[in-house]
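Below is one structure, written out as structure tokens; comments come after it.
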């Protein structure tokens, strides 16, 4: 079975689920890993799990509970009567968290582009205000010079 299908369950969540009124006297079966996040005042429970992380095993045994591998419960009750089937949140992994940046089109990657070409594009732009353009100034100067010459020669006549 793939790792996605057996998310971890903390001891505090497991004991909270087993203490519910409808689950009194039942043993816990955990599909996944039991982690050692301990709640104050452990309960005396019988736990079957695929894996235990850290010192979770000893935290179950301290108050007088039993911790056995997942497959050892089958001879005792093959139908699963008297057991509570527990597992962690499937969508609790970081993979399933929503990315705040929506893609612009379907096949666009969400990674930030990098490289020298992108760095050139990120250079600060010039201001959008008045810009001194020498080509336009030269054209205006030529027009004014031509007007002065024509005035000096008397080619332009007053209206």
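In this note's numbering, the protein residues as written are 130 to 288.
Just so it is clear, CB atoms sit at the ideal spot from N, CA and C, and this is done for glycine as well.
For residue i, which residues in the same chain have their Cβ closer than 7 Å to its Cβ, ignoring the five residues on either side in sequence?
{"i": "residue 184", "result": "165"}
{"i": "residue 219", "result": "136"}
{"i": "residue 139", "result": "164, 166"}
{"i": "residue 149", "result": "none"}
{"i": "residue 186", "result": "196"}
For residue i, which residues of its own chain have a beta-carbon under 6 Å away from its beta-carbon, when the five flanking residues on both sides are left out?
{"i": "residue 160", "result": "135, 216"}
{"i": "residue 276", "result": "none"}
{"i": "residue 132", "result": "none"}
{"i": "residue 209", "result": "none"}
{"i": "residue 265", "result": "none"}
Could you pull out every residue in the same chain whose Cβ sits closer than 8 Å to the Cβ of residue i, ignoring the five residues on either side in sequence?
{"i": "residue 213", "result": "146, 147, 152, 155, 156, 157, 158"}
{"i": "residue 190", "result": "196"}
{"i": "residue 221", "result": "136"}
{"i": "residue 273", "result": "none"}
{"i": "residue 182", "result": "137, 162, 163, 164, 165"}
One question on the structure: do residue i and residue j come within less than 9 Å of each other, judged by their Cβ atoms?
{"i": "residue 178", "j": "residue 198", "result": "yes"}
{"i": "residue 142", "j": "residue 162", "result": "no"}
Establish whether the CB of residue i and some CB of chain C are separated by less than 9 Å.
{"i": "residue 162", "result": "Of the protein chains in the structure, only one exists, and it is not chain C."}
Put residue i into one of helix, strand or coil per three-state DSSP.
{"i": "residue 165", "result": "coil"}
{"i": "residue 216", "result": "coil"}
{"i": "residue 141", "result": "helix"}
{"i": "residue 148", "result": "coil"}
{"i": "residue 221", "result": "helix"}
{"i": "residue 191", "result": "coil"}
{"i": "residue 135", "result": "coil"}
{"i": "residue 279", "result": "helix"}
Would you mind giving the Cβ-Cβ distance between residue i and residue j, rounded to the nearest angstrom? I have them listed as a contact below 8 Å.
{"i": "residue 175", "j": "residue 193", "result": "In fact, because the Cβ distance is near 10 Å, the residues do not count as touching under 8 Å."}
Look up residue i in the DSSP assignment and give the residues it is bridged to.
{"i": "residue 198", "result": "178"}
{"i": "residue 173", "result": "Paired residue(s): none; residue 173 is not in a bridge."}
{"i": "residue 157", "result": "176, 213"}
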